[in-house]
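Protein chains in written order, with the working numbering: chain A, 92 to 597; chain B, 1244 to 1642.
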């Protein structure tokens, strides 16, 4: 098989940081090549070098594409050669139709007048290719993330793609959507499209990849060939973190004390479509020191359930009761819910969890400012002591607590969000996808924090789309589908198959 | 952890250059003001810094500065208020009708006017905060409504003059209680005390920072900045002392500036306003009552606009239907020159006040030079654009 792309000794230096240090990457024509590495290892930088975001000349080393040395000065250069990147944050215009999005910047036009019939026909052809059954005129806004991802791929296909690069394509997808997407990538492979896939989900990497390149600290650590050897997840993890990780999930003495929180007959309706019930007759208990998981597909209503309990931050016409420590709790708005002892760590830390342009210190104390102030005046010394305390306890890697959180990596940002909620001194924490988009090392640290919370007799509710994570961490798992709980399994009973079958059969 | 430690060391050695780069904006603003004043001092042949002109500078700009305090909070909260000029005019008209036409005593009329300003703010804040109507639209409507209401109230006429005690709001001076009046010992003494206070508080803050291991500004910058500020305070009060002493408005202006600086930088309330502007959804999910805060920032703006209206009417000694026309633009410009961000969450009271002074000095200097209103507008517009460009440019370079 020919080599389609070779990146030789790529070195990229930012002021003060060597982001890439002689990285080598060889991608054969027609293969699926996975790149693994912790956050900040240099994967995205490498892809930006490849696509011309960092133009030729701003880095050292050669890119050999299709047998010749390439000089890309911008994305349009690499796209014209058939190299297309699909970023983690999708680049679609929500209020435009699928057809308009597919041909954005590449319109089917003659003399500046758009040929709509041709555009729609072309769109139908491309949608069929990616297996998306939607009308070309549908607004992208009305599609779920999984379908939007397919639109992005269709858009890549419209540009005669030869090398498709997917950055964390399944990070925001449910298990089922992820499987569909991976099948599509395998299907494209049979049609001759070469793919580079960047992913944290090692089971997916194992499933589709022909070759795996592991990058650590800006350098290539290893290249593994799945066709000649059997690559184990542990092997990849070891290369990624540079140390042996016998246990992906730290062990914890399972313990459950008295009932801490009880939610009874919880019903929630959609805020805009008043006739749509989003959460249906939910009954839920959490005991002191217990970690309770909620499994379910994207759109099952898990986040909606959590946010509606947390100060009615979501939904309409909410009914049901919440008891904490055996007493009815008033959770009718966020500050009352916090006072009642609840905390909610959002799945969307950038837009709902943090004030990115503020310092770590100011983000941490925001949930409980009265605690660091007297008569409404903030005692700054006290405040920085608090921030320092959490920086150490959580191992937030930063030169100082006066750094803006926007400068931190995903894992460290998540630790700031957790600090902020621990500072509110809750009894029950609801963690919504607490490890989404963060690297293996940071995940392990988050699991340790969860164990500490449990040891501290707090109740933890954990929502996650990664089933293995729920199985590794939780004492008990509720399975949610279409707004209702369809099953409840103890840690011993639960397995990926049982959870999936509960979802599918209901 | 190792990485973090080496980085801290780097920060310390990089020192002064790094610090200047990080705080370019704040120093830049201060030096820009000094440079502009120096420039006009030279071209106007020394008129700029004459005692009478300095007094005039304060009298002319007091109402802009007072409104800039409220506008800063509105903009930091992520909104804007286009109606302040009209509100200011309306309250001036209301005061004139009450005091001149109805013979109300000043001590009834002034509180009623301030309350009316608060109610106007509450009216606008209600639509913005609880109905989520963009503040641009609500206050654009308010701009028309209150302009119309002052026309209606005054029946298109000017109403005046005001009694002497009301005029004192703006054109009065603090009597010299210590000396004989010339030079005004009270004024000079106040200036010296203020200068000492500023330096002392700065030093105390530094000591406290060091105690908690917070890296403050390099000593060199601390010294230069404080020398300029203290020197300016003494110089200005010395000049004022040789004219008629401390204007009443200067006192209210300084007191308000100190209060608002404290509220924005040191209180829970202030912190929450920044959080609201920085990320409304995250603030709300942190238990902050974002609607109430936005509402209150408009109420506050209304009260300050009313105060500005009273001061303006007192200064002109008459309420005219045109009072406050286009003033909102000067106020908003001052806040943005001062470094606030259109997106909310960023901005400082000191910046807004300095920005207002820059606009004021430009107006004053160009008028003394006899530059036509046409060129004045062009120059002020370009200064606003340049200041914001400077911000954006710096941000891009850092990012």
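Where a beta carbon is used, it is the ideal one built from N, C-alpha and C, also for glycine.
Nearest-angstrom beta carbon gap, residue j and residue i [assumed within contact, 8 Å]
i	j	result
residue 1315 of chain B	residue 1583 of chain B	6 Å
residue 1342 of chain B	residue 1406 of chain B	7 Å
residue 1239 of chain B	residue 1564 of chain B	This structure cannot settle anything about residue 1239 of chain B, because the visible part of chain B is limited to 1244 through 1642.
residue 153 of chain A	residue 102 of chain A	Contact flag wrong, Cβ pair sits at about 11 Å.
residue 571 of chain A	residue 267 of chain A	Not confirmed; about 14 Å, so no contact.
residue 165 of chain A	residue 143 of chain A	5 Å
residue 1490 of chain B	residue 1302 of chain B	6 Å
residue 1359 of chain B	residue 1337 of chain B	6 Å
residue 1580 of chain B	residue 1500 of chain B	Residue 1580 of chain B to residue 1500 of chain B, Cβ: 16 Å. No contact.
residue 1324 of chain B	residue 1555 of chain B	No, residue 1324 of chain B and residue 1555 of chain B are not in contact; Cβ-Cβ is about 17 Å, not under 8 Å.
residue 1297 of chain B	residue 1482 of chain B	5 Å
residue 1427 of chain B	residue 1332 of chain B	Actually they are not in contact, since the Cβ atoms of residue 1427 of chain B and residue 1332 of chain B sit about 33 Å apart, beyond 8 Å.
Nearest neighbour of residue i, chosen from the options [CA to CA]
i	options	result
residue 1519 of chain B	A:449, A:310, A:541	A:449
residue 507 of chain A	A:361, A:524, A:482, A:152	A:482
residue 1552 of chain B	B:1608, B:1592, B:1521, B:1390	B:1390
residue 1384 of chain B	B:1326, B:1349, B:1473, B:1482	B:1326
residue 120 of chain A	A:569, A:216, A:156, A:381	A:156
residue 533 of chain A	A:523, A:487, A:514	A:487
residue 382 of chain A	A:342, A:541, A:269, A:443	A:541
residue 514 of chain A	A:546, A:502, A:429	A:429
residue 288 of chain A	A:215, A:281, A:276	A:276
residue 1436 of chain B	B:1269, B:1474, B:1287	B:1474
residue 1510 of chain B	A:350, A:96, A:461	A:461
residue 232 of chain A	A:196, A:224, A:188, A:208	A:188
residue 331 of chain A	A:344, A:317, A:303	A:303
residue 274 of chain A	A:416, A:236, A:300	A:300
residue 94 of chain A	A:175, A:286, A:193, A:180	A:286
residue 137 of chain A	A:158, A:114, A:148	A:114
residue 1411 of chain B	B:1373, B:1633, B:1493	B:1493
residue 579 of chain A	A:587, A:567, A:586	A:567
residue 1529 of chain B	A:123, A:125, A:459, A:249	A:459
residue 1570 of chain B	B:1307, B:1281, B:1609, B:1268	B:1307
residue 379 of chain A	A:350, A:133, A:178	A:350
residue 1371 of chain B	B:1322, B:1452, B:1331, B:1345	B:1322
residue 1467 of chain B	B:1445, B:1452, B:1558	B:1445
residue 1396 of chain B	B:1345, B:1379, B:1378	B:1345
residue 132 of chain A	A:529, A:596, A:366, A:118	A:529
One or two residues paired with residue i in a DSSP bridge
i	result
residue 286 of chain A	A:123, A:255
residue 153 of chain A	A:99
residue 368 of chain A	A:360
residue 567 of chain A	A:383, A:581
residue 1472 of chain B	Answer is none; residue 1472 of chain B lacks a bridge partner.
residue 378 of chain A	A:350
residue 159 of chain A	A:156
residue 554 of chain A	A:385, A:523
residue 456 of chain A	Per DSSP, none; premise fails for residue 456 of chain A.
residue 572 of chain A	A:575
residue 303 of chain A	A:125, A:315
residue 230 of chain A	A:188
residue 200 of chain A	A:205
Beta-carbon proximity of residue i to residue j, cut-off 8 Å
i	j	result
residue 297 of chain A	residue 128 of chain A	no
residue 494 of chain A	residue 474 of chain A	no
residue 397 of chain A	residue 512 of chain A	no
residue 1547 of chain B	residue 1313 of chain B	yes
residue 479 of chain A	residue 496 of chain A	no
residue 214 of chain A	residue 190 of chain A	yes
residue 549 of chain A	residue 520 of chain A	yes
residue 294 of chain A	residue 320 of chain A	no
residue 1525 of chain B	residue 1320 of chain B	no
residue 1496 of chain B	residue 1305 of chain B	yes
residue 436 of chain A	residue 522 of chain A	yes
residue 1604 of chain B	residue 1276 of chain B	yes
residue 446 of chain A	residue 477 of chain A	no
Any non-hydrogen atom of the ligand MN within 7 Å of residue i CB
i	result
residue 1288 of chain B	This structure lacks the ligand MN, and indeed carries no ligand of any kind.
Could I get the ranges of all uninterrupted alpha helix (DSSP H) runs contained in the region 385 to 438 of chain A, with 4 residues as the minimum, in chain order?
-> 393 to 400, 425 to 431
Entirely enclosed alpha helix (DSSP H) segments - the region 1576 to 1640 of chain B, minimum 4 residues | 1592 to 1612
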